[in-house]
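*Asks:* Pasting in a structure now, in structure tokens, and then I'll have a few things to ask.
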Amino acid sequence: MCSDHLYLQLGYNGSGKTSLMECLMGIQTLTSGQVLINGIDTKENPVAALHNVGICPKFDGACRSLTVLENLLIFCRIKGLTALEASCDAKDIMIQLGLTDWAHFRIKSLPSGLQRKVSVAIAFCGGSDVVLLDQPSKGMDLKSASELWHNIGIMKKGKTIVFTTHSVEEAESQADRIGIMAAGTLQCLGSNIFLRKYLGSGYTLSISSQYRNSDAGNGRITVAISQNVKGAQLVSCHGGELIFTLPQQIAAEFQDIFKWIERHKHELGIKDYTLTPSRLVDVFLRTIREHDQALGRTPKPLQPIPEFQRERVSVQSQSSMIMLFLFIYLRSDFSYMISFFPPLIVLVIAALIPPLLQVSIILFCISVSGTLQASHLRIQMDVVGLSPLAYWFTCIVWNFLLLFVPFCVFLAVLLTFSGSQHIMWLLTAPCLCFASTAYACFLRVVAFRVSSFSIQYSLLIIPMAVFSFFFVARYSPIRLACYIFHPAMFVFALESETDMLLSCSTVNLILAALGFFLYSLCFVEHCLYIYQGASLWANRSKQPQLMTTHNFGENVTDEIERVRNTPDDLLQLRRVSRLSGNKVAIREVTVGIHGGSSVGFLGANGSGKTSMIECLLGQAAPDFGSAHVTGFDVAKSPIAARSRVGYAAQFDDALILSLSARQQLHLYARVVGIPEVVCEDVVTRMIDGVGLIHGADRPSGTYSSGMKRKLSVAMALIGQRPVVLMDQPTTGVDPASRRHMWAIIDEVRSDPNRCVLLTTHALDETEALCDRIVFFVNGEVKFIGSPNQLRAKFSLQYRVEISFDLPKDVSQIRGWILETFPGATVAEINERRIRVHVPKAAVNSVAILYSTLHSDHGLPITDVTVGADSLDEIMMSVAEQSAMGNTLVSVLPST
-19 MCSDHLYLQL GYNGSGKTSL MECLMGIQTL TSGQVLINGI DTKENPVAAL
31 HNVGICPKFD GACRSLTVLE NLLIFCRIKG LTALEASCDA KDIMIQLGLT
81 DWAHFRIKSL PSGLQRKVSV AIAFCGGSDV VLLDQPSKGM DLKSASELWH
131 NIGIMKKGKT IVFTTHSVEE AESQADRIGI MAAGTLQCLG SNIFLRKYLG
181 SGYTLSISSQ YRNSDAGNGR ITVAISQNVK GAQLVSCHGG ELIFTLPQQI
231 AAEFQDIFKW IERHKHELGI KDYTLTPSRL VDVFLRTIRE HDQALGRTPK
281 PLQPIPEFQR ERVSVQSQSS MIMLFLFIYL RSDFSYMISF FPPLIVLVIA
331 ALIPPLLQVS IILFCISVSG TLQASHLRIQ MDVVGLSPLA YWFTCIVWNF
381 LLLFVPFCVF LAVLLTFSGS QHIMWLLTAP CLCFASTAYA CFLRVVAFRV
431 SSFSIQYSLL IIPMAVFSFF FVARYSPIRL ACYIFHPAMF VFALESETDM
481 LLSCSTVNLI LAALGFFLYS LCFVEHCLYI YQGASLWANR SKQPQLMTTH
531 NFGENVTDEI ERVRNTPDDL LQLRRVSRLS GNKVAIREVT VGIHGGSSVG
581 FLGANGSGKT SMIECLLGQA APDFGSAHVT GFDVAKSPIA ARSRVGYAAQ
631 FDDALILSLS ARQQLHLYAR VVGIPEVVCE DVVTRMIDGV GLIHGADRPS
681 GTYSSGMKRK LSVAMALIGQ RPVVLMDQPT TGVDPASRRH MWAIIDEVRS
731 DPNRCVLLTT HALDETEALC DRIVFFVNGE VKFIGSPNQL RAKFSLQYRV
781 EISFDLPKDV SQIRGWILET FPGATVAEIN ERRIRVHVPK AAVNSVAILY
831 STLHSDHGLP ITDVTVGADS LDEIMMSVAE QSAMGNTLVS VLPST
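Numbering (the numbering used here), first residue to last: -19 to 875.
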């Protein structure tokens, strides 16, 4: 790898990309081989080798409590820069990456896309000449990712940049060299042009048909193309979009093919067509397919899901199933068992040297299992139908069992080393267990409400310390010393029987009152959690009113009218608005989804997509309007609405990381009521459907991010719910696995009794899965319609990409394009590629445009791609236009 170059590593999930990057970063050690950075071996002298290396791991490495500028200054100083040099370098990087306006914001207050950009900035700071970026644009919207890569392209001068991604579009536009990995080995390496030339599959002819749902109409087009275009093969026909592959050998006949299509397109019902050379994604899929075939992993067609009738699951059955899986979790997680020993050792030491303390001390350290702490896991449990009674019964019994064993051990140690004077204190054991179990349940509630681990830990320690101080430590200076030396433990420093100021009955009374108080708090919190939407709904008249002067577009108005007259949609949003402080997060969104269809929510980060999902799940109620799931108002009937929803969360905290995918799917299958006789077949079918068959039996905590997304999708689909919500289901998933997952998601869409709503940043995903697109800008819907309708309305130009060998040829080619096609604009120029937009008004058809580009012009052109604007470009254009013309929105208090 040389300077001024971007080297890209592609591969499927689990192929070894991140492991390779972590070896380069020094996070993992090499088993064999060597890595030389600037001629220095990382094994022999890792400090010197990594001194000028900047890293951006897959996780965000910035300090969340510091500002953007403070983070950059710290890392610059670590790299050895002086204070003045660090200040200048940090400011330059912020300017180059567009972070200047956010310089004094704390990292934790930034959107996820900006946090990722800060991690990239840290990798470049301090004069790093080798930069390692592991999925730097992960989770970013299209516009932010495009801006990031444009800035990285400018900053690469004098640097060697190695990065990984699952976006083939990023690879095509940015990488100088591309390597494709499979099973930890490098399968191929070369430039984009080289790989497409030698590993590509010819050309792709895409035809947009007016017969969106007519097999007969699309069949006529297929027959006509197959008969008149030699070697044409249909590879996809979905939603009125037909895709054919054409062999490389007939390139000379393309002009005649275009002329034939122009003569017959009205007769066949062809609206538009494009021809593109083999893309990098085709090379990737071919490489992975050939690798799997060499290993004997031939893909098998998905078997149909076994038919079953869901059973009604009793509270007792749900409780027993949850207990079983908690025991499995405890068996695989030794951290709780290990936590017994430190307090036990302290207890023994304190008991062996009583003269030193002049007091007998009972130390109880409450350890709470984190099995069910993640908030999205709690929502997932509610969605699959876990009874609240079963949840709390299991929680209480499980906490009692966890505390009972160490409690007995501690008492045995006390009685052994401290004599018989403490036997009477066994009378407080029942109340102590009661209060401890209540406290453990209370801490679970805290874990759901508070995401910060430090705050959770403080809430665990502070109440116990205060309790110890007011009821025990104030009676003796020695006890106060015990309190100071052991602040992290539940200290009962109890004096001998003759010197005691607190009786057993008093302690029992205090513990019982504490237990009832904590259980009351748990009950109140649970009611607020279940009915928080209803409480907000009841107070909606007190909320401020939204004032706006905007007018809806024609397609949005049509959807509002359709929803008003169609009450039988499976999912309906009726003028939903939501405020976040004084900011409008969602503004008067009206969308309906009927059975047998799917809708994709698109938009930049912070445009309101995830906020809509939260409204539909009852996590938050809309300030205005209503959301209905199969007729149930989410705010008024949250439990009934959730029971009809399958949910794939955006984040991985809905997974139990110590359990395997198979174990978790079995758990959800039994809770949701899938009969035992078909449970194994259904789980296996889901594992096959999302492509997790090779990792199904190992703990999900060992999965890559893409594999975790696959498991989340399987969990959303296993219950066969009528409404399926997926929040960015394929983020971090490789192209081959995404197509595998699309098949099982498409099954839901084809079911007339079910529907799909997904949010995504992947436009090819919406084309493959969605009947309609809902495009958000600043919380407002700007467009509702099919991908073809979007193209017909906003695509007014052709997209032409021209490749050449020498960078000096770009000016000659650019001049010829602008002279030949009036109104053409240059969109992007790289060292060996130029992308231009040619207005459709400047040429009558693709045939004429293609013929002109392949005429005898004498230019050193090596490759030409002609097509309509991609959905990515259309969306970014619509977003920019909407942002420029966005009307003023104000929030005024109601009178």
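The beta carbon of each residue, even a glycine, is placed where N, CA and C say it ideally should be.
Contact defined as beta carbons within less than 8 Å: I believe R558 pairs with C595. What is the distance between those atoms, to the nearest angstrom?
*Replies:* 6 Å between Cβ atoms; contact.
*Asks:* First and last residue of the alpha helix (DSSP H) that includes F104?
*Replies:* 92 to 104
*Asks:* Starting from the Cα of T417, find the closest Cα among I724, A370, C502 and give me that residue.
*Replies:* C502
*Asks:* With the cut-off set at 8 Å, would you say V790 and V846 are in Cβ contact?
*Replies:* Contact: no.
*Asks:* Would you call the segment 166 to 176 and the segment 248 to 256 in contact, with 3 or more CB pairs under 8 Å?
*Replies:* Cβ pair count under 8 Å is below three, so no.
*Asks:* Decide yes or no for the touch test of the segment 616 to 627 against the segment 703 to 717: beta carbon pairs closer than 8 Å, at least 3 of them.
*Replies:* yes
*Asks:* Please list, in chain order, all residues of the same chain as S124 whose beta carbon is under 6 Å from its beta carbon, the five residues on each side excluded.
*Replies:* G93
*Asks:* Relative to the C-alpha of I75, which residue among M666, L49, P91, G(-9) is closest?
*Replies:* L49
*Asks:* Around the C-beta of Y371, are 16 or more other C-beta atoms found within 10 angstroms, so that it is buried, or is it exposed?
*Replies:* buried
*Asks:* Measure the C-alpha to C-alpha separation of V148 and C413 and round it to an integer number of angstroms.
*Replies:* 57 Å
*Asks:* Check whether the Cβ atoms of V209 and L226 sit closer than 8 Å, and answer yes or no.
*Replies:* yes
*Asks:* Determine the closest residue to S730 out of G576, V609, H246, with distance taken between C-alpha atoms.
*Replies:* G576
*Asks:* Does Y683 come out as helix, strand or coil in the three-state DSSP assignment?
*Replies:* coil
*Asks:* Going by C-alpha to C-alpha distance, which of A392, H244, G106 sits closest to H31?
*Replies:* G106
*Asks:* Can you tell me the Cα-Cα spacing of S340 and L498, whole angstroms?
*Replies:* Note that S340 has pLDDT 38, beneath the 50 cutoff, so the model's placement of it is unreliable and the number below is only indicative. For S340 and L498, the distance between alpha carbons rounds to 28 Å.
*Asks:* Residues in its own chain within less than 7 Å of N51 by CB, not counting five upstream and five downstream?
*Replies:* A42, C43, I87, V98, I102
*Asks:* Could you check which residue in L179, R243, C168 has the C-alpha nearest to that of I205?
*Replies:* R243
*Asks:* Assign R689 to one of two classes, buried (16 or more other C-beta atoms within 10 Å of its C-beta) or exposed (fewer than that).
*Replies:* It counts as buried.
*Asks:* Assuming R290 and L248 are in contact, meaning their beta carbons sit under 8 Å apart, how far apart are those beta carbons, in whole angstroms?
*Replies:* Wrong, their Cβ atoms sit about 46 Å apart, outside the cutoff.
*Asks:* With burial defined as no fewer than 16 other Cβ atoms inside 10 Å of the residue's Cβ, what is the status of I134: buried or exposed?
*Replies:* exposed
*Asks:* Have a look at N131 and T570 and give me their C-alpha separation to the nearest angstrom.
*Replies:* 37 Å
*Asks:* Assuming D726 is part of the alpha helix (DSSP H), what are its boundary residues?
*Replies:* 715 to 730
*Asks:* Is it true that the segment 662 to 679 meets the segment 610 to 618, where meeting means three or more beta-carbon pairs spaced less than 8 Å apart?
*Replies:* With the rule of 3 Cβ pairs closer than 8 Å, the segment 662 to 679 does not count as touching the segment 610 to 618.
*Asks:* Please state if the CB of H741 and the CB of L122 are separated by a distance shorter than 8 Å.
*Replies:* yes
*Asks:* My assumption, with CB atoms under 8 Å, is that L887 sits in contact with T746. Please give the rounded CB distance.
*Replies:* Since the displayed the chain opens at -19 and closes at 875, residue 887 lies outside it and no answer follows.
*Asks:* Count Cβ pairs between the segment 363 to 381 and the segment 638 to 658 that sit closer than 8 Å; are there 3 or more?
*Replies:* yes
*Asks:* What's the call for D548, buried or exposed, on a 16-neighbour Cβ count within 10 Å?
*Replies:* exposed
*Asks:* For R752 versus I854, is the C-beta distance shorter than 8 Å?
*Replies:* no
*Asks:* Quick check on the burial criterion: 16 or more other C-beta atoms within 10 angstroms. Buried or exposed for K788?
*Replies:* exposed
*Asks:* Over what stretch of residues does the alpha helix (DSSP H) that includes F791 continue unbroken?
*Replies:* Going by the sequence as given, residue 791 is Ser instead of Phe. Counting along the chain, the alpha helix (DSSP H) containing S791 begins and ends at 790 to 800.
*Asks:* I need the straight-line Cα distance from H837 to S181, nearest angstrom please.
*Replies:* 27 Å
*Asks:* Excluding five sequence neighbours on each side, which residues of the same chain lie with their C-beta closer than 6 Å to the C-beta of H574?
*Replies:* Correct list, in chain order: D549.
*Asks:* As an exercise, report each continuous beta strand (DSSP E) stretch of at least 3 residues that is fully enclosed by the segment 607 to 675, in chain order.
*Replies:* 625 to 628
*Asks:* If the criterion is Cβ atoms closer than 8 Å, does the pair Q708 and T682 meet it?
*Replies:* No, these two residues do not count as a Cβ contact at 8 Å.
*Asks:* Nearest-angstrom Cα distance between C217 and M1?
*Replies:* 38 Å
*Asks:* Taking the alpha-carbon positions, what's the V110 to H506 distance?
*Replies:* Each residue's Cα considered, the two are about 51 Å apart.
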